[in-house]
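Scroll down for the structure; my scribbles are underneath it.
Residue numbers (mature numbering (1 follows the signal peptide of the UniProt record, and there is no 0)): -26 to -1, 1 to 686.
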């Protein structure tokens, strides 16, 4: 039956982020303090103090309830900005999706706030659960193949709608693409729905080759023994995957020049990690990989044609081999894996989602390759991932300047990208980064890059591009997506290059050029110019205000009997389908399906299927000549769509006139009254029709109640 189908559709979406992806809120700058020398410790202390005061009296943007508590996490600094991350608890349970980040300058002035949660949590019963932890674990294991439990579960609150009590279960296995997977699965404690999953293993395919002879390495000596352990980066060392032992020896010479030798692989790996660490310090101002002077172990010897970063605590990287048995340790590929760790240790923590995590890793790997070529040449710098070894018989694994050169990887963003396999989904982000750094027709020998809107762009250089990328990652919350990264990179560019709008405009033009649309949370920049030799077009934003018909001149002549009364019959649907044409049974009592009426018990529920479908409800009405007429109705929209793009739509028409249009982008809690002047239709008998249409993925519900067409 339809209601049962709808119940599954409403609850069945597994989302990497919240129903509405986290909001980046620009905070007006206060008058800057006079420039003074501020140490890193003082800057972080200023930031911590300022944000603590903000959190103690939380603004509306934090969506705080009276039962919320806030737990400060890391404070990281880079580029003259400080990023203070927070988690949230509700009745002392961790809130999944309740995280946020506040950015300040060195004096503690708040520059931006990035919040994952979009709604204030309601009254959540955290003591009563119909499900057990064991039952949740069994459901979680179905999310992978060949899986097993991996660590103790716990009870949490998931920030879905007004909040849901859930169990966290941790499993490892293979995903639907056959890739290694380590998931935290959040299962509704009442109905067993999978509310969301979080991946902890960022798997990257790679190629292994040497970075050159006589690699400069910083190693550690203890007594008469040397080891491949960095003396200044906490936690960074290189080990034999099989034994878990750090490579050590009586001299400070490593490897034998053979790429199939594990010690040689570790020499390559430590060189790449230390090179990337220098890039982070000199180009973006980051204090090593975790932002606090530390990193993680690298294990060489995984018997797979693969490499991956695992976000356990402590984290680690496992390096495998290519078909020739060479251990993966290239600047771009290992730099990519370490880039996953940078992502994992930025913002409020965890990997970026919505198809963005692999392109972020690629940007850091590519920047490492370019940085390494400044002092001396190892691997010729480019924007191709794994270009020197034919890993699977098809050449490089990704082309940043034209992603479509690799199979079906898209050059341009579309609504299907967030649901793609994560490496293919990297295409638009890689394309954006290349256009930002190099432009569409570089003069330095790099290849021409086509744009999706036929614009010509000039790049700002890879150093500025990775600095902006890093600034955006620092603003990341658990609600990350391509659309949010547009907002976050613009915010980062504005804050990092406050004296000019050139970088800001370049970021904007590059996103436009890969079809990532403008967002309501995007900041603006005035006083600067678009970079030279670039032309840009900005896609229209989706208005949150539905269009209305124009108001005609006031009519003073009224027909006999006057202009008064209500013209819609059965306006609250309390008599079922009486007076309405309702082919798909949208009218009913939907309270048990979590779509209650505004008043009474009945309403009309259009949509909610989560598949390609159209529902309609209609009635013929007559508007007397010479009368002013007003159409009003109450509308509630909820949606599992996570992007600010109109995928599912509701059209309100009177005859051939479109009175109003809505979409999933207008979702909001509760019913909202909509009112329109329709006097232009006086003297006509027309059909009032509501038509709700959904695309093939993720439900949107349009619920109507208490309609009126009044005369006056």
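The beta-carbon is built from N, C-alpha and C at its ideal position, and this holds for glycine as well.
No experiment lies behind these values; they were computed from the predicted model shown.
C-beta contact flag for residue i and residue j at 8 Å
{"i": "residue 253", "j": "residue 345", "result": "yes"}
{"i": "residue 540", "j": "residue 410", "result": "no"}
{"i": "residue 191", "j": "residue 244", "result": "yes"}
{"i": "residue 53", "j": "residue 470", "result": "yes"}
{"i": "residue 496", "j": "residue 461", "result": "yes"}
{"i": "residue 621", "j": "residue 651", "result": "no"}
{"i": "residue 679", "j": "residue 573", "result": "yes"}
{"i": "residue 643", "j": "residue 582", "result": "no"}
{"i": "residue 659", "j": "residue 596", "result": "yes"}
{"i": "residue 457", "j": "residue 618", "result": "yes"}
{"i": "residue 267", "j": "residue 207", "result": "yes"}
{"i": "residue 332", "j": "residue 399", "result": "yes"}
{"i": "residue 685", "j": "residue 598", "result": "yes"}
{"i": "residue 147", "j": "residue 155", "result": "yes"}
{"i": "residue 145", "j": "residue 123", "result": "yes"}
{"i": "residue 305", "j": "residue 234", "result": "no"}
{"i": "residue 327", "j": "residue 454", "result": "yes"}
{"i": "residue 64", "j": "residue 47", "result": "no"}
{"i": "residue 687", "j": "residue 625", "result": "The structure shown does not extend to residue 687, since the chain is modelled only from -26 through 686, so no value can be given for it."}
{"i": "residue 70", "j": "residue 118", "result": "no"}
Buried versus exposed, by CB contacts within 10 Å (16 or more), residue i
{"i": "residue 292", "result": "buried"}
{"i": "residue 404", "result": "buried"}
{"i": "residue 506", "result": "Only weak support exists for where residue 506 lies, its pLDDT of 41 falling under 50; the value from the coordinates is given anyway. So residue 506 counts as exposed."}
{"i": "residue 543", "result": "exposed"}
{"i": "residue 473", "result": "exposed"}
{"i": "residue 108", "result": "exposed"}
{"i": "residue 225", "result": "exposed"}
{"i": "residue 519", "result": "The predicted model places residue 519 with a pLDDT of 34, which falls under 50 and marks its position as unreliable; any figure quoted below should be read in that light. Per the 10 Å Cβ criterion, exposed."}
{"i": "residue 287", "result": "exposed"}
{"i": "residue 402", "result": "buried"}
{"i": "residue 37", "result": "buried"}
{"i": "residue 195", "result": "exposed"}
{"i": "residue 199", "result": "exposed"}
{"i": "residue 273", "result": "buried"}
{"i": "residue 319", "result": "buried"}
Where the alpha helix (DSSP H) through residue i begins and ends
{"i": "residue 337", "result": "331 to 346"}
{"i": "residue 469", "result": "456 to 470"}
{"i": "residue 22", "result": "14 to 30"}
{"i": "residue 121", "result": "Here residue 121 belongs to no alpha helix (DSSP H); instead the beta strand (DSSP E) covers 119 to 123."}
{"i": "residue 107", "result": "107 to 115"}
{"i": "residue 240", "result": "236 to 253"}
{"i": "residue 486", "result": "476 to 487"}
{"i": "residue 547", "result": "Looking at the DSSP string, residue 547 is not in any alpha helix (DSSP H), and its letter there is neither H nor E."}
{"i": "residue 624", "result": "Premise fails: residue 624 lies in the beta strand (DSSP E), 623 to 628, not in any alpha helix (DSSP H)."}
Sequence-distant residues of the same chain with beta carbon closer than 6 Å to residue i, five excluded per side
{"i": "residue 283", "result": "176, 291, 311, 314 and 315"}
{"i": "residue 530", "result": "Bear in mind that a pLDDT of 34 at residue 530, under 50, signals an unreliable position, so the model cannot answer this."}
{"i": "residue 128", "result": "142"}
{"i": "residue 12", "result": "80"}
{"i": "residue 623", "result": "637 and 667"}
{"i": "residue 690", "result": "Outside the displayed range of the chain (-26 to 686) lies residue 690, so it cannot be described from this structure."}
{"i": "residue 270", "result": "209, 288, 289 and 290"}
{"i": "residue 671", "result": "none"}
{"i": "residue 488", "result": "386, 387, 402, 405, 406 and 426"}
{"i": "residue 110", "result": "141, 143 and 161"}
{"i": "residue 437", "result": "257"}
{"i": "residue 239", "result": "274, 301 and 303"}
{"i": "residue 393", "result": "none"}
Cut-off 8 Å between Cβ atoms - residues of its own chain near residue i, not counting five sequence neighbours on either side
{"i": "residue 376", "result": "385, 405, 421, 423 and 424"}
{"i": "residue 533", "result": "598, 599, 600 and 601"}
Residues near residue i in its chain [Cβ-Cβ closer than 7 Å; skip 5 each side]
{"i": "residue 96", "result": "136 and 137"}
{"i": "residue 76", "result": "25, 28, 58, 84 and 87"}
{"i": "residue 513", "result": "Residue placement at residue 513 cannot be trusted, given a pLDDT of 33 that sits under 50; what the coordinates show is reported in the next sentence. Answer for residue 513: 486, 491 and 492, listed in chain order."}
{"i": "residue 14", "result": "51"}
{"i": "residue 589", "result": "558, 560, 580, 581 and 666"}
Nearest-angstrom beta carbon gap, residue j and residue i [assumed within contact, 8 Å]
{"i": "residue 379", "j": "residue 387", "result": "Not a contact, Cβ separation roughly 17 Å."}
{"i": "residue 577", "j": "residue 564", "result": "6 Å"}
{"i": "residue 56", "j": "residue 17", "result": "6 Å"}
{"i": "residue 214", "j": "residue 202", "result": "Not quite, the Cβ-Cβ distance comes to about 10 Å (not below 8 Å), so this is no contact."}
{"i": "residue 257", "j": "residue 104", "result": "The pair is not a contact, with the Cβ atoms about 52 Å apart (cut-off 8 Å)."}
{"i": "residue 430", "j": "residue 415", "result": "7 Å"}
Terminal residues of the beta strand (DSSP E) in which residue i lies
{"i": "residue 579", "result": "577 to 581"}
{"i": "residue 159", "result": "154 to 162"}
{"i": "residue 610", "result": "603 to 613"}
Distance cut-off 7 Å: residue i Cβ against heavy atoms of the ligand FMN
{"i": "residue 267", "result": "With respect to small molecules bound, the structure shown includes none, and the ligand FMN cannot be examined in it."}
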